[in-house]
Amino acid sequence: MTCSVLAAAALCALIAGCSAPGPREGYYVTPVDMLDVLGTYPLSNGDTLRITREHNRYWAQTGRIGKVEIVPVDSLVFAEKAGILRYTFTPLPFTTEVRIDGMAPPNAVRALTRRPTP
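Residue numbering for the sequence shown follows the numbering used here, beginning at 1 and increasing consecutively.
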């Protein structure tokens, strides 16, 4: 990466609060790992997050955002296919904790590094 792209990524993180890359193709999550993820999670805002699998796709659903497709981006880390939210799952004894973070839109870094046209 060039310095301008790194600077734009850092600026993107400061502006949009993004802390993770967007969805990437081809990351595989084993069925055993998914046992720690599938299920229902009470959220601190009073809403409930439900993670489900339909065929070969994973879905996150809450009362506020509705049902959105999520894709694995790392071990026990998922991102909305639209690139808005990231879901990080941490297995603990007798439970699994979930953390939801905002991400920048997929083209935010490109928009920040684009030179203005004359």
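Glycine included, each C-beta is placed from N, C-alpha and C at the ideal position.
One Cα belongs to G66, the other to V29, and the distance between them is close to 24 angstroms. Boundaries for D47: no beta strand (DSSP E) harbours it, and the DSSP string shows neither H nor E there. In summary, Y27 is exposed, with fewer than 16 beta-carbon neighbours lying within 10 Å of its beta-carbon over all protein chains present. When secondary structure is reduced to three states using DSSP, V37 falls in the coil class, being assigned neither helix nor strand.
Only buried fits F89, as 16 or more other CB atoms lie within 10 angstroms of its CB.
Assignment of beta-bridge partners to I70 by DSSP yields Y58 and E80.
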